[in-house]
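S.K.: Per the working numbering, residue 1 is the first one in the sequence shown, and the count goes up by one each step. No residue lacks a Cβ here, since even glycine has one placed at the ideal position from N, Cα and C. Quick one: the structure is below, questions incoming.
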Amino acid sequence: MHIVITGGTGLVGKALTEKLRFLGHSVSILTRNAQNKQNENNLQYIEWLSDKKPEKELKNVDAIVNLAGASISSRWTKKHKARIKNSRMEATRECIRLMENLEHGPPNVFVSASAMGYYGISETDAFTEDSAPANQNFLQEVSKIWEKEAQPAEELGVRTVYGRFGLILDNSEGALPKMMLPYKLGVGGPIGNGKQWYSWVHRDDVAAFIIHALEQAHVEGVYNVTAPNPERMRDFGKKISNVLNRPHWLPTPAFAVRTALGEMSVLVTDGQKVIPERTLESGFRFQYEKAEEALASLLEKE
Numbered sequence: 001m002h003i004v005i006t007g008g009t010g011l012v013g014k015a016l017t018e019k020l021r022f023l024g025h026s027v028s029i030l031t032r033n034a035q036n037k038q039n040e041n042n043l044q045y046i047e048w049l050s051d052k053k054p055e056k057e058l059k060n061v062d063a064i065v066n067l068a069g070a071s072i073s074s075r076w077t078k079k080h081k082a083r084i085k086n087s088r089m090e091a092t093r094e095c096i097r098l099m100e101n102l103e104h105g106p107p108n109v110f111v112s113a114s115a116m117g118y119y120g121i122s123e124t125d126a127f128t129e130d131s132a133p134a135n136q137n138f139l140q141e142v143s144k145i146w147e148k149e150a151q152p153a154e155e156l157g158v159r160t161v162y163g164r165f166g167l168i169l170d171n172s173e174g175a176l177p178k179m180m181l182p183y184k185l186g187v188g189g190p191i192g193n194g195k196q197w198y199s200w201v202h203r204d205d206v207a208a209f210i211i212h213a214l215e216q217a218h219v220e221g222v223y224n225v226t227a228p229n230p231e232r233m234r235d236f237g238k239k240i241s242n243v244l245n246r247p248h249w250l251p252t253p254a255f256a257v258r259t260a261l262g263e264m265s266v267l268v269t270d271g272q273k274v275i276p277e278r279t280l281e282s283g284f285r286f287q288y289e290k291a292e293e294a295l296a297s298l299l300e301k302e
C-alpha cells in the first residue's frame with residue numbers, strides 16, 4: 001500500500017514507518033519542513049500546511065494515518081494548551097481537505113489518533129469504547145474535538161478508525177523517562193495515593209494496531225489502544241524499580257506534583273482504567289500485555 005502519515009517523525013510515527021517499510025509498503029510523511037530530510041527507498045517527505053498543496057505530489061494513496069499534534073508533555077501554559085488543541089484541529093482538517101482533493105479520489109482508510117482522555121477519571125470505574133465522554137478537564141475537551149474533526153472522512157465513504165491511545169511507553173520520549181528519573185536517583189516511590197490507574201501501552205503495540213487497522217477491512221470506528229492489563233500507579237512504580245533494580249520507597253505528595261507540573265499533573269496524579277474491549281474483539285493481540293514485559297523490553301539496557 002501507499003500510506004501517508006502525518007506526525008511521522010514523532011514517537012509513534014517513527015515506529016510505524018519502520019514497520020510499514022519492513023512489510024514492503026510505501027510511506028509518504030507530511031512535514032512542515034522537508035528540506036533537511038532525505039528521501040529513501042519507499043519513503044518520501046512532502047511539505048504540508050502553510051499553504052502547501054501536498055496532493056499535487058501524492059499519487060494512488062491507499063491510506064492516511066493522522067498522528068500530528070503538539071506534545072502534551074510540556075507544561076500546559078495558556079499558550080501551549082492552545083497549541084495542543086489547535087495543532088490537532090489544523091492537522092485533521094487538512095487531512096480531510098487532502099482526501100477531498102486527491103487526484104485519484106479519497107483513500108480506502110483513515111486512521112486518526114485520539115486519546116483515552118476522552119473518558120472520565122476514576123479509581124473505581126473501568127472504561128471501554130462504549131463509555132460516555134466526560135467534561136472534567138482539558139484533555140477530554142481536546143479528545144472530543146479531535147475526533148469530531150475526523151468525522152467528515154466517513155461522509156466521504158472512507159473507512160475511519162479512531163485510536164484512543166493510552167500513555168505510550170518509550171524509553172526516550174513521553175512520560176516514562178520522567179517517571180524513571182527519580183528511581184535512577186534512588187528516590188522513586190508512589191505518586192499521590194498510588195491508587196490511580198495507569199493505562200499504558202508499548203509504542204510497538206501502538207504501531208502494530210495501526211497496521212492492523214490499515215489491513216483489516218472490518219476494523220472501523222473507535223478502539224482503545226491500551227494494554228489489556230492497566231496498573232495502579234503504585235504497582236507500576238514497583239515494576240519500574242524492579243526492572244531498574246532501584247528502591248521504591250519515597251512517596252511524592254500529589255500537591256507537590258501539581259505545584260511542579262501545573263494542570264499537566266493530571267497525567268500522573270489522576271487516572272483511568274481503560275480496557276481495549278473492541279480492540280481485542282477485532283482480533284488484535286498485544287505483544288506486550290503485562291507491564292513488566294513492556295518495561296523490561298524498554299529499560300533492560302538502562
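#1: According to the Cβ coordinates, are Met233 and Arg164 closer than 7 Å?
#2: Judging by CA-CA distance, which residue of Thr226, Glu220 and Gly271 is the nearest neighbour of His202?
#3: Out of curiosity, what's the CA-to-CA distance linking Gly262 and Val274?
#4: Would you check if there are 3 or more beta carbon pairs closer than 8 Å linking the region 21 to 39 to the region 1 to 13?
#5: Let me know the secondary structure DSSP gives Leu67 once reduced to three states.
#6: What residues are listed by DSSP as bridge partners for Ile46?
#7: Excluding the 5 residues preceding and the 5 following Glu147 in the sequence, name in chain order all residues of the same chain whose CB lies nearer than 6 Å to its CB.
#8: If you count every other CB in all the chains shown that lies within 10 Å of the CB of Val187, and 16 or more means buried, which is it?
#9: Below 7 Å between beta carbons: does that hold for Asn363 and Cys95?
#10: Can you tell me the Cα-Cα spacing of Ala208 and Val266, whole angstroms?
#11: Quick check: what's the CA-CA separation for Phe22 versus Pro276?
#12: In chain order, what residues of the same chain have a beta carbon less than 7 Å from the beta carbon of Ala91, not counting five sequence neighbours either side?
#13: Could you tell me the alpha carbon to alpha carbon distance between Ala254 and Ile191, rounded to whole angstroms?
#14: Check the DSSP bridge columns for Ser114 and list the partner residues they point to.
#15: I think Gln35 touches Glu123, with their Cβ atoms under 8 Å apart; what is that distance to the nearest whole Å?
M.R.: According to the structure shown:
#1: no
#2: Thr226
#3: 24 Å
#4: yes
#5: coil
#6: Leu30
#7: Ser114 and Tyr162
#8: exposed
#9: Shown here, the chain extends from 1 to 302; a query on residue 363 therefore has no answer.
#10: 28 Å
#11: 27 Å
#12: Thr6, Asn66, Ala68 and Gly69
#13: 6 Å
#14: Arg164
#15: That belief does not hold up - the Cβ atoms of Gln35 and Glu123 are roughly 49 Å apart, past 8 Å.
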